[in-house]
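Per this note's numbering, numbering through the sequence shown is continuous, rising by one, with the last residue being 405.
Every residue gets a Cβ at the ideal spot worked out from N, C-alpha and C, and that includes glycine.
Treat the numbers as computed from the prediction; the structure is a model and nothing was measured.
Comments concern the structure below.
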Amino acid sequence: MRSWLSNEDWWAVWLGLLVVLLALPAASGYDLLGWLAAPGIWLDPAKAVGPISKSFAGFPKVASVLLTYAAVLGLVGLGASVQRFDLRRFVPGFTVIFGISYLSWLIGHYAYIAQTPDKRAAMGLSWSLGLTGEAGYIVALLAGLAIGNVLPGLAGWLKEAARPEWYIKTAIVILGASLGIKAAAASGLVSAIMFRGLAAIIEAYLIYWALVYFLARKYFKFSREWAAPLASGISICGVSAAITTGAAIRARPVVPIMVSSLVVIFSVIELLVLPFAAQAFLAHEPMVAAAWMGLAVKTDGAAVASGAITDALIRGKAAGAGLAYEPGWMLTTTTTVKVFIDVFIGIWAFILAWIWSAKINPKAGTKVRAVEI
């Protein structure tokens, strides 16, 4: 029981499910979370943010923002406390992270940045970038890069509260629940998303892994010890795949560490480049573009962020052509594809462990046991 309470993955599940359960009564007219603050596309800063539900339209905007901060801090603070984080550093650090994140979200909703071409006239705009409100993710990314590279002292101070994997896992739980809810209204689209997830498993494990391993061995002359973690890191799910594969084949510790470093570096580059490539070449195939982000961008956080940015860029371009794509479906597709790929890494590691111990490196007494996987 203690492991359930102190494990980051389980806390992502608990918090995500709690948010979903609190949101469900809204379908019956009892909106328990309608007071939460969210930005809208704005020109006047006084009208930039307000409660998400129209039933709370008269609720003070400042109070809505403060209560949103308090609610989120309360949830993650509870998880941080049970996981034995240093709360004296976590609380102020999270406060700064929340503030930067929310400010980035607000900036991303500025009309000249976010408004789509079909709605410019209604706001009296002669031009806009048309990135939709998800441009805030790009602003947040730039802010994070600036802090990490220009302000290392601040980055170190924020480290206790900077738990991107935990926050992203929680968001994935909420997204997964939303997929199930949306399925009731759009079963055909959900089927397409699930099909892309299943196709991604075949592509990542049976096509891309074999291709990368072959290229690494034949043309780059890597040893098997390096080629296998590299193939997993590039073709499957990044850092976790490289580490899991390294452990399965009994690679030296330096191997998965080096591969993971390369994966993280290239994930940042992919995050900055691929969404714009998707907008340029795949705007007519939004679900394909979204699935591409889940397959191509290797770390979970970068993949989800790239899905959100791709969602914004393609919806903005489509709006200029008179098309209205449903918000969130591309992000959901990216997340589903990534989760489907991640789920099977344990099975793949077991297969690799058996191959290495039984066929490639069969040494007496050194077989990797199933329990170790």
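Short of 6 Å from the beta carbon of Gly48, and not among the five residues preceding or following it, lie these beta carbons of its own chain, in chain order: Thr202, Val205 and Ile206. The alpha-carbon separation between Leu190 and Leu68 amounts to approximately 25 Å. Counted as a single uninterrupted DSSP element, the stretch harbouring Val371 is not any beta strand (DSSP E) but the alpha helix (DSSP H) occupying residues Trp361 to Val375.
By the beta-carbon neighbour count (other beta carbons within 10 angstroms, threshold 16), Phe117 is buried. Around the beta carbon of Ile200, a 10 Å sphere encloses 16 or more other beta carbons of the protein chains shown; the residue is thus reported as buried. Looking at the DSSP output, Val81 sits in a beta bridge with Pro71. With distances taken between CA atoms, Gly66 lies nearest to Pro83 out of Ala310, Val51 and Pro83. Of the candidates Val286, Val371, Glu192 and Arg120, Val371 places its Cα closest to the Cα of Leu230.
With 16 or more other Cβ atoms from the protein chains shown falling within 10 Å of its own Cβ, Met319 counts as buried. For Leu105, same chain residues with a beta-carbon under 8 Å away, outside a window of 5 residues either side, are Val123, Phe126, Thr127 and Phe130 in chain order. Each residue's CA atom was taken as its position, placing Ala154 and His141 some 16 Å apart. Under the three-pair Cβ rule at 8 Å, the region 300-316 counts as touching the region 343-355.
No Cβ-Cβ contact shorter than 8 Å links Gly333 with Thr367. Straight-line measurement puts the Cα of Leu50 at about 28 Å from the Cα of Ala167. The C-beta of Pro71 has 16 or more other C-beta atoms within 10 Å across all chains shown, which makes the residue buried. Distance between Ser113 and Ala80, taken at the CA atoms: about 33 Å.
Contact between Ile239 and Ala146 fails: their C-beta atoms lie close to 38 Å from each other, not under 8 Å.
According to the DSSP assignment, Trp137 belongs to the alpha helix (DSSP H) that extends over Leu119 to Gly140. Sequence-distant partners of Gly265 (beyond 5 residues in either direction) whose C-beta falls short of 6 Å from its own C-beta, in its chain, are Ala273, Ala274, Val291 and Val295. Non-local beta-carbon contacts of Ala175 in its own chain, meaning distances under 7 Å to residues more than five positions away in sequence, involve Ile132 and Ser136 in chain order.
Counting C-beta atoms within 10 angstroms of its own C-beta, Pro307 has 16 or more neighbours from the protein chains shown and is therefore classed as buried. About 19 Å separates the beta carbon of Val369 from that of Ala242, a gap too long to meet the 8 Å contact definition.
Collapsing the DSSP output to three states places Leu384 in a helix. Per the C-alpha coordinates, the member of Leu99, Leu262, Pro149 and Leu163 positioned closest to Val286 is Leu262.
Nearest to Thr148 by C-alpha distance, out of Ala344, Asp76 and Ser85, is Ala344. In the DSSP assignment, Met325 falls within the unbroken alpha helix (DSSP H) covering Pro318 to Ala328. With contacts defined as CB atoms closer than 8 Å, Trp198 and Trp43 qualify as a contacting pair. Closest in C-alpha terms to Trp324, from the list Ile268, Ala280 and Ile281, comes Ile268.
The beta carbon of Ile392 sits closer than 7 Å to the beta carbons of Arg256 from its chain, once the five residues preceding and following it are set aside; these are given in chain order. Leu110 sits in a helix when the DSSP states are folded into three classes. If you look at Met290, you'll find it in the alpha helix (DSSP H) that goes Val286 to Phe313. Taking a C-beta distance under 8 Å as the contact criterion, Ala328 and Thr365 do not qualify as a contact pair. Judged by beta-carbon spacing, Ala248 lies within the 8 Å limit of Ala259, meaning their Cβ atoms are closer than that value. Taking 8 Å as the cut-off, the Cβ atoms of Leu163 and Tyr144 do not count as close.
Cβ contact annotation for Glu192 (same chain, cutoff 7 Å, sequence separation greater than five): Phe117, Asp118, Arg121, Phe122 and Gly125, in chain order. For Gly61, no alpha helix (DSSP H) encloses it, and the DSSP letter there is neither H nor E.
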